[in-house]
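Asks: Residue numbering for the sequence shown follows our numbering, beginning at 50 and increasing consecutively.
We put the beta carbon where it would ideally sit given N, CA and C, even for glycine.
Got a structure here, written out as structure tokens. Questions coming.
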Amino acid sequence: MPSKAKTGKKLVIVESPAKSKTIAKYLGEGFIVEASIGHIRDLPQPSELPAELKKTSVGKFAVDIEHDFKPYYVVSPDKKKKVTELKAALKDADELYLATDGDREGEAIAWHLLEVLKPKVPVYRMTFGEITKEAIQRAMGNLRDVDQDLVDAQETRRVLDRLYGYEISPVLWRKVARGLSAGRVQSVVTRMVVDRERERMAFKAASYWDLTGQFGADSGSFKAKLAAVDGAKVASGRDFNDNGELTSRNVAHLNEELATSLAAGLQDAEFRVRSVDTKPYTRRPAAPFTTSTLQQEAGRKLRFSSKSTMQIAQRLYENGYITYMRTDSSALSDEAITAARRQASELYGPEYIPQSPRVYSNKAANAQEAHEAIRPAGDSFRTPAQVAKQLSGDEFRLYELIWKRTVASQMGDAKGSTATIRLGAVSTDGRDAEFSASGTVITFPGFLAAYEEGKDETRGDDDSDEARRLPNVAKGDALSASDIQALGHETSPPPRYTEASLTAELEKKGIGRPSTYASTISTIQDRGYVRKQGSALVPSWIAFSVIRLLEQHFSDYVDYEFTADMEGDLDKIANGQEAGASWLRHFYFGEGSDPGLLSIVNNLGEIDAREINSIPITDEITLRVGKFGPYLESSAALVDPKTGEIVESARANVPEDLAPDELTAAKAVELMETAAPEERVLGTDPHTGHTVVAKNGRYGAYVTEIIPEMTEEELAKQPVEYYKNGKPKPPKKPVKAKPRTGSLFKSMTVESVTLDEALQLMSLPRALGEDAEGNLITVQNGRFGPYLKKGTDSRSIGSEEEIFTITLEQALEIYSQPKQRGARAAVPPLAEFGPDPVSEKNIVVKEGRFGPYITDGITNITVPRATSLEELTREQAVELLAEKRAKGPVKRTATRKAPAKKKATAKK
Numbered sequence: 050m051p052s053k054a055k056t057g058k059k060l061v062i063v064e065s066p067a068k069s070k071t072i073a074k075y076l077g078e079g080f081i082v083e084a085s086i087g088h089i090r091d092l093p094q095p096s097e098l099p100a101e102l103k104k105t106s107v108g109k110f111a112v113d114i115e116h117d118f119k120p121y122y123v124v125s126p127d128k129k130k131k132v133t134e135l136k137a138a139l140k141d142a143d144e145l146y147l148a149t150d151g152d153r154e155g156e157a158i159a160w161h162l163l164e165v166l167k168p169k170v171p172v173y174r175m176t177f178g179e180i181t182k183e184a185i186q187r188a189m190g191n192l193r194d195v196d197q198d199l200v201d202a203q204e205t206r207r208v209l210d211r212l213y214g215y216e217i218s219p220v221l222w223r224k225v226a227r228g229l230s231a232g233r234v235q236s237v238v239t240r241m242v243v244d245r246e247r248e249r250m251a252f253k254a255a256s257y258w259d260l261t262g263q264f265g266a267d268s269g270s271f272k273a274k275l276a277a278v279d280g281a282k283v284a285s286g287r288d289f290n291d292n293g294e295l296t297s298r299n300v301a302h303l304n305e306e307l308a309t310s311l312a313a314g315l316q317d318a319e320f321r322v323r324s325v326d327t328k329p330y331t332r333r334p335a336a337p338f339t340t341s342t343l344q345q346e347a348g349r350k351l352r353f354s355s356k357s358t359m360q361i362a363q364r365l366y367e368n369g370y371i372t373y374m375r376t377d378s379s380a381l382s383d384e385a386i387t388a389a390r391r392q393a394s395e396l397y398g399p400e401y402i403p404q405s406p407r408v409y410s411n412k413a414a415n416a417q418e419a420h421e422a423i424r425p426a427g428d429s430f431r432t433p434a435q436v437a438k439q440l441s442g443d444e445f446r447l448y449e450l451i452w453k454r455t456v457a458s459q460m461g462d463a464k465g466s467t468a469t470i471r472l473g474a475v476s477t478d479g480r481d482a483e484f485s486a487s488g489t490v491i492t493f494p495g496f497l498a499a500y501e502e503g504k505d506e507t508r509g510d511d512d513s514d515e516a517r518r519l520p521n522v523a524k525g526d527a528l529s530a531s532d533i534q535a536l537g538h539e540t541s542p543p544p545r546y547t548e549a550s551l552t553a554e555l556e557k558k559g560i561g562r563p564s565t566y567a568s569t570i571s572t573i574q575d576r577g578y579v580r581k582q583g584s585a586l587v588p589s590w591i592a593f594s595v596i597r598l599l600e601q602h603f604s605d606y607v608d609y610e611f612t613a614d615m616e617g618d619l620d621k622i623a624n625g626q627e628a629g630a631s632w633l634r635h636f637y638f639g640e641g642s643d644p645g646l647l648s649i650v651n652n653l654g655e656i657d658a659r660e661i662n663s664i665p666i667t668d669e670i671t672l673r674v675g676k677f678g679p680y681l682e683s684s685a686a687l688v689d690p691k692t693g694e695i696v697e698s699a700r701a702n703v704p705e706d707l708a709p710d711e712l713t714a715a716k717a718v719e720l721m722e723t724a725a726p727e728e729r730v731l732g733t734d735p736h737t738g739h740t741v742v743a744k745n746g747r748y749g750a751y752v753t754e755i756i757p758e759m760t761e762e763e764l765a766k767q768p769v770e771y772y773k774n775g776k777p778k779p780p781k782k783p784v785k786a787k788p789r790t791g792s793l794f795k796s797m798t799v800e801s802v803t804l805d806e807a808l809q810l811m812s813l814p815r816a817l818g819e820d821a822e823g824n825l826i827t828v829q830n831g832r833f834g835p836y837l838k839k840g841t842d843s844r845s846i847g848s849e850e851e852i853f854t855i856t857l858e859q860a861l862e863i864y865s866q867p868k869q870r871g872a873r874a875a876v877p878p879l880a881e882f883g884p885d886p887v888s889e890k891n892i893v894v895k896e897g898r899f900g901p902y903i904t905d906g907i908t909n910i911t912v913p914r915a916t917s918l919e920e921l922t923r924e925q926a927v928e929l930l931a932e933k934r935a936k937g938p939v940k941r942t943a944t945r946k947a948p949a950k951k952k953a954t955a956k957k
């Protein structure tokens with residue numbers, strides 16, 4: 050068979066079209082760059098397996114658990130066309146270059162391409178950390194084979210996640226709610242948020258008092274705070290535990306009476322300086338960004354979500370502006386260090402760079418393979434001003450942040466001095482009071498000229514030295530005192546996690562991979578386990594039930610150390626120190642005293658679903674997580690004041706926007722006392738005999754009819770169906786009739802609505818008659834008020850009451866008028882948040898066809914269902930708009946009408 054003629058073409062495959070366009074500019078003649086658009090194949094759903102495999106050891110997970118956990122992969126339906134295109138391109142190529150990302154997932158994509166395309170030409174693995182001409186040239190000189198250890202680690206991770214989710218999620222469906230999911234990292238992250246909320250719920254505040262005063266010398270005045278009374282340190286928030294107990298010994302715990310009397314006794318006291326202590330101040334720059342620290346800092350400084358940060362960073366990388374954005378390494382290449390030092394020297398002066406380059410070691414135990422820190426791309430950096438016109442607003446802000454951090458990391462220390470002044474006096478009642486003031490003066494800004502790292506919210510008192518200059522005083526100097534006042538404080542509970550602080554804690558505990566933090570945090574919000582309240586992450590009550598079940602029956606799998614150890618084991622597989630198949634066998638089937646996941650699932654025993662979904666709030670009130678949301682239930686017998694009857698198990702809905710730590714015993718009692726009746730019987734429909742009731746539902750009050758179940762006699766009268774062999778089929782369960790319902794008008798309540806009104810509401814929509822062309826006109830109530838409907842033509846009417854009074858003639862008169870679009874008075878926005886930092890347009894919330902949405906007049910985003918308008922903040926609105934912008938415009942697929950079929954011509 051003759052060999053294929055050489056074409057001189059070289060096929061390069063990357064993941065994304067954007068990356069392919071950028072890399073194509075730097076490759077020589079003869080290179081063809083194609084994009085796989087991510088993974089081309091994956092594990093199918095077990096239901097999608099071929100029939101002959103469904104009853105084999107592959108059938109449960111699409112993984113052969115009896116033969117080394119070999120995955121059964123299929124090409125994704127939406128990638129079949131792409132695979133065909135890649136195969137066609139490969140036919141004309143003499144060489145194949147797999148240029149997917151250099152991490153484990155990128156290595157797995159390259160391996161899948163190799164497995165599916167089955168090339169008969171030389172294959173090279175090509176990796177680069179940035180898309181620049183220099184980086185591409187270096188990559189061409191360092192070609193290698195696909196790293197099977199990295200592939201094994203990624204495949205093991207994929208199979209592990211399938212085993213974990215498919216074994217544990219069904220338990221959640223049975224005992225908590227359908228549609229829930231468990232995940233190896235997702236569930237542990239949810240537990241962290243729940244644990245923090247539990248700490249807040251158990252927290253007991255303690256009160257303490259102190260004094261402040263304004264003190265003056267010839268060289269200026271300054272503010273100082275009471276530090277000690279009679280030589281004993283004054284108690285502050287750090288001296289109390291979360292039970293409100295004082296834990297520090299030999300401290301002066303001031304209450305209101307002691308503090309106010311001391312303040313009064315010091316009004317005319319003679320204050321003198323007791324000591325002046327000056328120390329040198331040095332502060333070093335932060336290391337260049339890793340994936341984790343970039344997400345944290347973008348959250349603090351730019352108010353970006355982790356997901357938004359990674360989407361923007363991906364675009365910057367693919368278009369050649371920054372290096373690869375998934376990395377655990379804080380190291381810089383020699384070229385990057387030279388570029389950063391050169392740029393710092395040019396912009397700030399040679400005195401701003403240290404004599405020797407700064408070298409940063411990796412904090413992560415196994416930093417992402419061969420990557421460096423996230424930095425501006427190239428052997429010389431472009432300043433933000435040089436790229437401003439080429440980037441969108443959010444892209445520019447993130448690039449500027451990365452550029453500043455990188456340049457600052459190679460600049461000199463900030464230097465100065467910190468002075469602490471101690472001053473005191475004796476009050477009229479003989480107590481000795483000593484005040485303290487500290488201030489830091491920066492004499493050389495160093496890296497601070499370029500960048501300063503942000504901070505997360507912390508607990509306790511903020512005793513950090515302020516950047517202020519204290520007056521020049523000496524020991525023994527007399528000071529004037531004014532405005533001495535007593536101030537009361539309360540200890541604060543642990544702050545809720547933000548995306549930034551949660552990311553930092555995950556990295557600290559070694560849970561998961563920083564490259565997956567953004568998607569994990571996004572997932573627990575999408576699943577309804579966590580919602581945002583401002584920037585804080587608040588767990589839902591259903592998350593409490595899920596975590597409680599997992600803690601009681603799958604304790605290892607939500608244990609922080611166990612999960613971190615699993616990550617370490619996956620690192621060993623990536624390094625070739627362990628085989629994925631043997632590790633999975635141990636994980637799933639167990640070994641020795643370790644039972645394994647399968648044994649745990651098969652020996653769960655009885656799980657009390659009611660107990661799992663119940664959280665005691667008081668001795669008599671319990672929160673239940675029900676099918677339609679959380680509610681309170683009282684075990685105390687309540688008496689209906691109108692009828693005098695004893696009402697058992699009184700219930701009350703829990704507002705969706707009420708955070709778990711806000712549901713105190715007092716709040717629970719208040720909700721129970723103010724709860725509207727859950728159901729009120731109005732009477733019997735004279736036409737159907739069905740009982741009609743008024744209810745308070747999750748989405749408002751409504752009326753409905755109760756359709757009784759069929760009796761045994763009625764069931765017996767159902768016609769019998771037979772098989773072809775003549776045997777009778779088992780009786781089918783009768784389809785339940787759908788009850789008529791109707792939402793109450795705004796003027797109605799469950800307590801006031803009558804049977805006649807309920808029957809009217811359930812009769813809607815009301816037919817008025819037909820127009821001259823025979824089109825039926827109806828009147829009904831909708832989300833935006835009452836309206837007429839004729840085919841697809843809707844017209845609003847004045848009030849809800851008109852629904853039952855409007856006539857056909859009045860409706861025809863309305864339809865005879867031209868349809869007025871926008872002629873009604875402008876509806877005011879539901880909320881306003883001021884100008885957007887990117888578009889500089891005013892941010893408002895409006896009511897739309899599909900619910901409330903946020904807009905700046907350019908970008909629109911629906912308000913998340915888990916967020917109420919009352920709790921929506923400016924920061925959250927800005928973040929949601931930024932995330933929508935980061936996704937870019939929605940690509941709409943053009944629809945083509947199928948050509949009309951030609952009619953067959955009859956033969957004559």
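Going by C-alpha distance, which of 453, 120, 107 is nearest residue 630?
Replies: Position 581 of the sequence shown, counted from the first residue, corresponds to residue 630. Comparing Cα positions, the closest option is 120.
Asks: So, are the CB atoms of residue 463 and residue 495 less than 8 Å apart?
Replies: Against the sequence shown, residue 463 aligns to sequence position 414. Against the sequence shown, residue 495 aligns to sequence position 446. Cβ atoms of residue 463 and residue 495: closer than 8 Å.
Asks: Output yes or no for whether 8 Å exceeds the beta carbon distance between residue 598 and residue 224.
Replies: In the sequence shown, residue 598 corresponds to position 549, counting from 1. In the sequence shown, residue 224 corresponds to position 175, counting from 1. In contact: residue 598 and residue 224 (Cβ atoms closer than 8 Å).
Asks: Skipping 5 residues on each side, what residues in its chain have a beta carbon closer than 7 Å to that of residue 840?
Replies: Counting from one through the sequence shown, the residue named residue 840 turns up at place 791. Within the same chain, and ignoring the five residues on either side of residue 840 in sequence, the residues whose Cβ sits closer than 7 Å to its Cβ are 824.
Asks: For residue 749, list the residues DSSP reports as bridge partners.
Replies: Here residue 749 corresponds to residue number 700 of the sequence shown, with the count starting at 1. BP columns for residue 749 point to 746.
Asks: Does residue 885 pass the burial test, meaning 16 or more other C-beta atoms within 10 Å, or should it be called exposed?
Replies: Numbered from 1 along the sequence shown, position 836 holds the residue referred to as residue 885. The residue in question, residue 885, is buried, as its Cβ has 16 or more Cβ neighbours within 10 Å.
Asks: Go through its chain and collect everything with a Cβ distance to residue 243's Cβ below 7 Å, but skip five positions before and after it.
Replies: Position 194 of the sequence shown, counting from 1, holds the residue named residue 243. Close CB contacts of residue 243 within its chain, under the 7 Å cut and outside five residues either way in sequence, are with 588, 592, 593, 596 (chain order).
Asks: Does DSSP put residue 335 in a helix, in a strand, or in coil?
Replies: Taking the first residue of the sequence shown as 1, we reach residue 335 at position 286. It is coil, neither helix nor strand.
Asks: I'd like to confirm the pairing. Which residues does DSSP put opposite residue 258 in its beta bridges?
Replies: In the sequence shown, counting from the first residue as 1, residue 258 sits at position 209. In the DSSP secondary-structure assignment, residue 258 is bridged to 537.
Asks: Give the DSSP-derived three-state secondary structure of residue 755 in the structure shown.
Replies: Position 706 of the sequence shown, counted from the start, is the residue given in the question as residue 755. Strand, per DSSP.
Asks: What three-state label does DSSP hand residue 826 in the structure shown?
Replies: Walking along the sequence shown from the start, residue 826 turns up at place 777. Looking at residue 826 - three-state DSSP - the assignment turns out to be strand.
Asks: Note the first and the last residue of the continuous beta strand (DSSP E) segment covering residue 884.
Replies: Translated into the one-based positions of the sequence shown, residue 884 becomes position 835. Where residue 884 is concerned, the enclosing beta strand (DSSP E) stretches over 880-884.
Asks: Buried or exposed: residue 304, going by 16 or more other Cβ atoms within 10 Å of its Cβ?
Replies: Within the sequence shown, numbered from 1, the residue matching residue 304 stands at position 255. Counting the other CB atoms within 10 Å of its CB gives residue 304 a total below 16, which places it among the exposed residues.
Asks: At what residues does the beta strand (DSSP E) containing residue 233 begin and finish?
Replies: Indexing the sequence shown from 1 puts residue 233 at position 184. Unbroken run through residue 233: none, as it is neither H nor E.
Asks: Check the DSSP bridge columns for residue 741 and list the partner residues they point to.
Replies: Numbered from 1 along the sequence shown, position 692 holds the residue referred to as residue 741. DSSP lists 732, 754 as partners of residue 741.
Asks: By alpha-carbon positions, which one of 390, 803, 64 ends up nearest to residue 405?
Replies: Taking the sequence shown and counting its residues from 1, one reaches residue 405 at position 356. Taking only the C-alpha atoms, the option nearest residue 405 is 390.
Asks: Does the ligand ADP have even one heavy atom less than 7 Å from the beta-carbon of residue 557?
Replies: Of the ligands one can find in the structure shown there are none, so the ligand ADP has no counterpart to examine.
Asks: Quick one, are the C-beta atoms of residue 543 and residue 248 less than 8 Å apart?
Replies: As a position in the sequence shown, residue 543 is number 494, starting the count at 1. As a position in the sequence shown, residue 248 is number 199, starting the count at 1. In this structure, the beta-carbon distance from residue 543 to residue 248 falls below 8 Å.
Asks: Of the residues 172, 863, 123, which one's Cα is nearest the Cα of residue 820?
Replies: The residue labelled residue 820 in the question sits at position 771 within the sequence shown. Ranking 172, 863, 123 by Cα distance to residue 820 puts 863 first.
Asks: How many Å lie between residue 366 and residue 700 at the Cα?
Replies: Here the question's residue 366 lines up with position 317 in the sequence shown. Here the question's residue 700 lines up with position 651 in the sequence shown. C-alpha separation (whole angstroms): 54 Å.
Asks: Measuring CA to CA, which of 310, 382, 549 is closest to residue 478?
Replies: Residue mapping note: residue 478 aligns to position 429 of the sequence shown, counting from 1. Nearest of 310, 382, 549 to residue 478, Cα basis: 310.
Asks: Any chance the stretch 170-181 sits against the stretch 603-611, with 3 or more Cβ pairs inside 8 Å?
Replies: no
Asks: Quick check: the Cα distance between residue 830 and residue 902, rounded to an integer number of angstroms?
Replies: For this step, residue 830 is matched to residue 781 along the sequence shown. For this step, residue 902 is matched to residue 853 along the sequence shown. Answer to the nearest angstrom: the Cα atoms are 22 Å apart.
Asks: Pull up the distance between the alpha-carbon of residue 931 and that of residue 879, whole angstroms please.
Replies: Locating residue 931 in the sequence shown gives position 882, where the first residue counts as 1. Locating residue 879 in the sequence shown gives position 830, where the first residue counts as 1. Roughly 20 Å separates the two Cα atoms.
Asks: At what residues does the beta strand (DSSP E) containing residue 790 begin and finish?
Replies: Here residue 790 refers to the residue found at position 741 of the sequence shown. Start and end: 790-792.
Asks: For residue 736, which option in 809, 189, 666 has the closest C-alpha, if you only look at C-alpha atoms?
Replies: Counted from its first residue, the sequence shown places residue 736 at position 687. The option with the nearest alpha carbon to residue 736 is 809.
Asks: Checking the sheet assignment: what are the DSSP bridge partners for residue 454?
Replies: Working through the sequence shown from its first residue, we reach residue 454 at position 405. None, per the DSSP bridge assignment.
Asks: Taking C-beta to C-beta, are residue 520 and residue 320 nearer than 8 Å?
Replies: Translated into the one-based positions of the sequence shown, residue 520 becomes position 471. Translated into the one-based positions of the sequence shown, residue 320 becomes position 271. No, these two residues do not count as a Cβ contact at 8 Å.
Asks: Is DSSP giving residue 923 helix, strand or coil here?
Replies: Here the question's residue 923 lines up with position 874 in the sequence shown. Three-state DSSP puts residue 923 in a helix.
Asks: Distance, Cα to Cα, residue 645 vs residue 216?
Replies: Residue 645 sits at position 596 when you count from the first residue of the sequence shown. Residue 216 sits at position 167 when you count from the first residue of the sequence shown. Those two C-alpha atoms are separated by around 12 Å.
Asks: Could you pull the DSSP bridge partners for residue 277 from this structure?
Replies: Looking up residue 277 in the sequence shown gives position 228. DSSP lists 282, 483 as the beta-bridge partner residues of residue 277.
Asks: Assign residue 465 to one of three DSSP states: helix, strand, or coil.
Replies: Here residue 465 refers to the residue found at position 416 of the sequence shown. The answer is strand: DSSP assigns residue 465 an E or B state.
Asks: Three-state secondary structure (DSSP) at residue 892?
Replies: To locate residue 892, count along the sequence shown from 1; it is residue 843. Looking at residue 892 - three-state DSSP - the assignment turns out to be strand.
Asks: Run through DSSP, which three-state label would residue 353 get?
Replies: Residue numbering aside, residue 353 sits at position 304 when the sequence shown is read from its first letter. Note: residue 353 maps to coil in three-state DSSP.
Asks: So, does the stretch 289-300 touch the stretch 480-497, judging by three or more C-beta pairs under 8 Å?
Replies: With fewer than three CB-CB distances shorter than 8 Å, the stretch 289-300 does not count as touching the stretch 480-497.
Asks: On a Cα-Cα basis, can you pick out the residue from 860, 522, 835 that is closest to residue 324?
Replies: Looking up residue 324 in the sequence shown gives position 275. Per the Cα distances, 522.
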